Structures are given as C-alpha cells and as structure tokens.
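Sequential numbering from 4 applies to the sequence shown in the numbering used here. Just so you know, even glycine gets a beta-carbon here, dropped at the ideal spot from N, CA and C. Quick caveat: nothing in here was measured; it's all calculated off a predicted structure.
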Amino acid sequence: MRFDIATLFPEMCETVVNSSIIGRGIKAGKLEVHCHQIRDYTTDKHRRTDLRLHGGGMGMLMTCQPIHDCWKAVSEQIGQKPYVIYLSPQGKVLTQAHARELKEKENLFLLCGHYEGVDQRVLDEIVDEELSIGDYVLTGGELPALVLADTVARLVPGVLSSEECFTEESHFSGLLEYPQYSRPRVWNGREVPEVLLSGHHFNIKKWRRQKSLERTFFKRPELLENAELSKDDLEYIARLKAENDK
Ligand code: SAM
Numbered sequence: 004m005r006f007d008i009a010t011l012f013p014e015m016c017e018t019v020v021n022s023s024i025i026g027r028g029i030k031a032g033k034l035e036v037h038c039h040q041i042r043d044y045t046t047d048k049h050r051r052t053d054l055r056l057h058g059g060g061m062g063m064l065m066t067c068q069p070i071h072d073c074w075k076a077v078s079e080q081i082g083q084k085p086y087v088i089y090l091s092p093q094g095k096v097l098t099q100a101h102a103r104e105l106k107e108k109e110n111l112f113l114l115c116g117h118y119e120g121v122d123q124r125v126l127d128e129i130v131d132e133e134l135s136i137g138d139y140v141l142t143g144g145e146l147p148a149l150v151l152a153d154t155v156a157r158l159v160p161g162v163l164s165s166e167e168c169f170t171e172e173s174h175f176s177g178l179l180e181y182p183q184y185s186r187p188r189v190w191n192g193r194e195v196p197e198v199l200l201s202g203h204h205f206n207i208k209k210w211r212r213q214k215s216l217e218r219t220f221f222k223r224p225e226l227l228e229n230a231e232l233s234k235d236d237l238e239y240i241a242r243l244k245a246e247n248d249k
C-alpha cells in the first residue's frame, strides 16, 4: 500500500514514518510512504503557498495551484488518481471500522492543511473524503495524517507480525480489549488472575470475552450499540446491567 502525504512540513512526517512499525513495514516492502513538500510545486516567484482570504478575515489560506500540481505529479507517478483524503476538523471522525475500509485502497493521498486551511476550489476538484481525528482544532494536518497513516498501515497484511495483533484489540470488533498481564505473577501484592495461569484455553477465551464486555459496558457503553455480539454476549450484558441497576 502506498501513502503520499502532501504537506508544508515533510520533515515532520518523515521522522515519524521512518520509525517504529511503519518504518519496519517500509523496509519489509509492505508499505511505501512519500512525503511531498507542497512548496516545491508552486509557480509563484516568491514560492508562496498561502495568501490572504477574499472577503476579509484573519489568517492565510493555502492556495489551489501548488496543491493541485502536487496531486497531479503523484497521479502521474502512480499511473492513476489516488484516493484523496483532506485531513480536516470538519470531516467525519476517523474510526477503526473506517480504517479497515481504507486499508483496501492501493493509494492514499493525504492532504495536510495549515493556517486557515485550504482554498475550497482545489478541495472540490480533488478530494474524495474529509476526515477528522476528533472534534478539536490543531494547527496543521500533519499529526492527523500521521495518525491516519499509522492506523491504516498497521492493518496492512505483513506489517504486524500476525493478524491477531489487531483483531483482538480495542475497537476491531467494536469492543474494548480485555486487561492484560505479564510477569511477575505477583507485583506489589497484585496477582495475575488465576484463570490466565490455568492453561485452559476455553476458559481463558471466555474470561477475556467477558472482561471485554465488562470494560466496554462500564467505560464506553455507547460502543455496544454497534458491536458484533453473540447470544452469550447479550446474556452476559443483561446480567451486568441487572447487577449494576441493583
Ligand atoms: N479554519 C479551519 C476550520 O475552522 O475548519 C481550521 C484550520 S486548522 C487551524 C489548519 C489545518 O489543520 C486544517 O486545514 C486541517 O488540515 C488540520 N486540522 C486541524 N484540526 C484537525 C482535526 N481535528 N482533524 C484533522 N485535521 C485537522
């Protein structure tokens, strides 16, 4: 899978993408991440990429031409139009379920705004979707683009050591993950739950599922509305509700 990040601060993105798991995915040939300096595409003799707003108002707006030329150059390089996401506080908030859909795309072009944002005309021309990382405003789209790239990249087959690394995790099936423990068996007087030391796989699986349900029920009950739940799960939740209402 290939990511192209269009930004005024490519060095900020490069440091992150070349580290940790995305970096390993790149080295293993599972991912390609290219960070493009939008300023390199400006035809303005002062290399400007942002201008004052028409109609007045504070701040500067990123202009159409360099962004469009950057997108055009990437499209020519890959031989097709990439799927374009503009990171924006006005977009739908990114979810794990949506990240799973995006991992099916061959190419994602991530457009990072800055200042007041981006001239609407180039957004209308090239953007397939606007995505936000939450209902707050950051100074630029670089951190959101990296959040998105990281979330999607780790789902690409071969980037993590096994699919289990993410299928069991919070949000994958709509639930929060169960509590986890490692060595030592007792730390500061706190013990690892007995069932996890039993070697009894069925009981461990059942305990983990119930803990997932419990955590979701108490921490993020609204997630249960869209989670994939079995008959046993629903019965367990009904018991939790009854106990909680006592
Ligand atoms: N004037 C814009 C508005 O009110 O919608 C906000 C511009 S913001 C200061 C600058 C850039 O940061 C945006 O163009 C966008 O790329 C990025 N950005 C800020 N908050 C974001 C968020 N929550 N999610 C995704 N991108 C965000």
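Selected residue, minimal CA-CA separation from residue i, among the options
i: methionine 63; options: His117, His203, Asp235; result: His117
i: arginine 211; options: Asp138, Val20, Val198, Thr66; result: Val198
i: glutamine 123; options: Asp235, Leu227, Gly192, His57; result: His57
i: aspartate 53; options: Val121, His39, Leu158, Glu238; result: Val121
i: arginine 242; options: Glu228, Phe220, Asn110; result: Phe220
i: phenylalanine 12; options: Glu231, Cys38, Val77, Arg186; result: Cys38
Contact check, residue i vs residue j, beta carbons under 8 Å
i: glutamate 133; j: glutamine 93; result: yes
i: leucine 216; j: leucine 163; result: no
i: alanine 148; j: isoleucine 8; result: yes
i: histidine 113; j: leucine 146; result: It should be noted that the sequence gives leucine, not histidine, for residue 113. No.
i: glycine 32; j: alanine 156; result: no
i: leucine 34; j: isoleucine 88; result: no
i: glutamate 180; j: glutamate 171; result: yes
i: proline 182; j: lysine 209; result: no
i: phenylalanine 6; j: glutamine 99; result: no
i: asparagine 110; j: isoleucine 81; result: yes
Strand pairing of residue i, partner residues [DSSP]
i: tryptophan 190; result: Arg193
i: cysteine 67; result: Cysteine 67 pairs with nothing; no bridge assigned.
i: lysine 95; result: Leu134
i: isoleucine 41; result: Per DSSP, none; premise fails for isoleucine 41.
i: glutamate 35; result: Arg5
i: valine 87; result: Phe112
Segment limits, alpha helix (DSSP H) that includes residue i
i: aspartate 153; result: 145 to 156
i: valine 125; result: 123 to 129
i: asparagine 247; result: 234 to 248
i: methionine 15; result: 13 to 20
i: histidine 204; result: 204 to 222
i: serine 23; result: 23 to 30
i: threonine 170; result: 167 to 170
Limits of the unbroken beta strand (DSSP E) element including residue i
i: serine 7; result: Reading off the sequence shown, one finds aspartate at residue 7, where the question assumed serine. Here the beta strand (DSSP E) through aspartate 7 covers 5 to 10.
i: asparagine 110; result: 110 to 115
i: aspartate 53; result: 53 to 55
So, do the region 73 to 86 and the region 35 to 53 have three or more beta carbon pairs nearer to each other than 8 Å? yes
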